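*Asks:* Chains as they are written, first to last, in this note's numbering: chain X, 758 to 885; chain V, 758 to 885.
Built from N, CA and C at the ideal position, the CB exists for glycine as well.
None of these values were measured; they are calculated from a predicted model.
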DNA sequence: TTCACATGTTAGAAAACATAACATTTCGTT
DNA sequence: AACGAAATGTTATGTTTTCTAACATGTGAA
């Protein structure tokens with residue numbers, strides 16, 4: 758009975774994701790357009806979302822509520838994806854550029870990091 | 758991260774359920790027509806399935822594979838739903854009638870009960 | 001063979017979703 | 001105050017998905 762769902766499996770149509778996240782279709786598509794999520798597509802080109810996608814959307818929503826903008830969230834994700842390149846080759850954006858960007862966003866009230874990682878989006882708001 | 762999904766929440770469109778169960782839309786609708794499942798409906802009348810519905814469909818599929826027919830499966834469910842009425846009022850079908858029906862179906866190779874209950878349909882075939 | 005059950009197939013209508021364009025709101029900046 | 005950019009709303013139009021209903025087919029039991 759206690760199934761750990763394969764959270765990457767594309768199962769949910771956008772209508773359900775709208776309910777789960779309280780986001781509009783417009784918002785969800787906009788976030789995809791800006792590469793914050795990449796939901797799967799059916800053969801007929803309809804978006805199908807995984808539980809991970811829903812978590813990501815909830816996280817995005819939180820960050821936006823905290824005053825971050827799309828670009829800022831994107832940067833956070835880019836950082837998150839390359840945590841091991843401590844002395845690696847320079848990215849497309851210089852470190853100073855990146856820091857400047859983050860600073861701009863974070864001066865409002867957001868605190869992007871908690872020591873050790875990000876707050877995970879949590880579907881348990883809806884499931885139990 | 759370990760979310761216990763609310764398994765009764767209608768989340769899945771029929772196309773996904775078809776993939777998960779390897780049943781055709783025709784089959785799924787037929788089982789509903791015969792009251793083996795009762796998926797939710799959207800405002801626009803589209804079926805939306807819960808994880809429990811998927812489990813039920815997998816169970817139905819198993820029973821059919823074992824030689825039961827729809828009527829037999831229905832009886833099993835009806836029995837399952839009233840386990841406490843040991844001396845209750847007679848149902849719409851008499852006990853003998855019911856036993857006869859079951860016997861008819863089960864003489865093939867099916868064994869409807871395992872001691873203590875039914876085999877639960879298990880979504881872990883697809884999730885982990 | 002015949003009949004009933006389970007499923008396949010097709011047609012036509014409606015719902016859901018897609019993209020794209022333009023409008024609106026909200027803020028920070030000038 | 002006006003401007004410009006970001007995020008979202010709104011509308012139009014086309015395609016995909018799902019619906020019901022009807023009829024066809026395959027298969028096993030009588």
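Please state the DSSP three-state secondary structure of residue 805 of chain X.
*Replies:* Stepping through the first chain from its first residue, residue 805 of chain X is reached at position 48. Strand, per DSSP.
*Asks:* Residue 769 of chain X touches chain V at which residues, Cβ-Cβ below 9 Å?
*Replies:* Working through the first chain from its first residue, we reach residue 769 of chain X at position 12. Going along chain V in sequence order, the residues near residue 769 of chain X (Cβ under 9 Å) are 768, 769, 770, 773.
*Asks:* Are the Cβ atoms of residue 769 of chain V and residue 818 of chain V separated by less than 8 Å?
*Replies:* Locating residue 769 of chain V in the second chain gives position 12, counting from the first residue. Locating residue 818 of chain V in the second chain gives position 61, counting from the first residue. Contact: no.
*Asks:* Assuming residue 789 of chain X and residue 796 of chain X are in contact, meaning their beta carbons sit under 8 Å apart, how far apart are those beta carbons, in whole angstroms?
*Replies:* One-based indexing of the first chain puts residue 789 of chain X at position 32. One-based indexing of the first chain puts residue 796 of chain X at position 39. About 6 Å; that satisfies the 8 Å criterion.
*Asks:* With distances taken Cα to Cα, identify the nearest neighbour of residue 767 of chain V among V:823, V:828, V:831, V:806.
*Replies:* Position 10 of the second chain holds residue 767 of chain V. Residue 767 of chain V has its Cα closest to that of V:806, out of V:823, V:828, V:831, V:806.
*Asks:* Please classify residue 816 of chain X as buried or exposed, where buried requires at least 16 neighbouring CB atoms within 10 angstroms.
*Replies:* Taking the first chain and counting its residues from 1, one reaches residue 816 of chain X at position 59. The residue in question, residue 816 of chain X, is buried, as its Cβ has 16 or more Cβ neighbours within 10 Å.
*Asks:* Between the Cα of residue 800 of chain V and the Cα atoms of X:772, X:787, X:763, which residue gives the shortest distance?
*Replies:* Indexing the second chain from 1 puts residue 800 of chain V at position 43. Of the listed residues, the one whose Cα sits closest to residue 800 of chain V is X:772.
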